[in-house]
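A short worksheet on the structure shown next.
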Amino acid sequence: MEAAPLQDGRIAVRNSNHPEAGTVFFTRIERAAWLKGAKAGEFDDLGS
47 MEAAPLQDGR IAVRNSNHPE AGTVFFTRIE RAAWLKGAKA GEFDDLGS
């Protein structure tokens, strides 16, 4: 995973192994909520 801050305050995130797959953009608030959910296990069953 690669993440980079943008000048408009958003954060660009992409899969470093597959950068051609595209980029997802988060606001800082969205990224904080996503990280909180990931740490809480909210996405653990997405791959099954």
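Count the sequence shown with this note's numbering and you get residues 47 to 94, in order. From the three backbone atoms N, C-alpha and C, an ideal C-beta is built for every residue, glycine too.
ask   = Does the ligand COA have a heavy atom nearer than 8 Å to the CB of threonine 73?
value = The model on display carries no ligand, and the ligand COA is accordingly not part of it.
task = Look at the Cβ atom of arginine 60, then the Cβ atom of glutamate 48, and state whether they are nearer than 9 Å.
result = If you number the sequence shown from 1, residue 60 lands on position 14. If you number the sequence shown from 1, residue 48 lands on position 2. Result yes, Cβ atoms of arginine 60 and glutamate 48 sit closer than 9 Å.
task = For glutamate 48, write down the residues that DSSP places opposite it in a beta bridge.
result = Here residue 48 corresponds to residue number 2 of the sequence shown, with the count starting at 1. DSSP lists Arg60 as partners of glutamate 48.
query = Contact check, tryptophan 80 vs phenylalanine 71 under 8 Å by CB: the rounded distance?
reply = Along the sequence shown, read from residue 1 onward, the residue named residue 80 stands at position 34. Along the sequence shown, read from residue 1 onward, the residue named residue 71 stands at position 25. The pair is not a contact, with the Cβ atoms about 12 Å apart (cut-off 8 Å).
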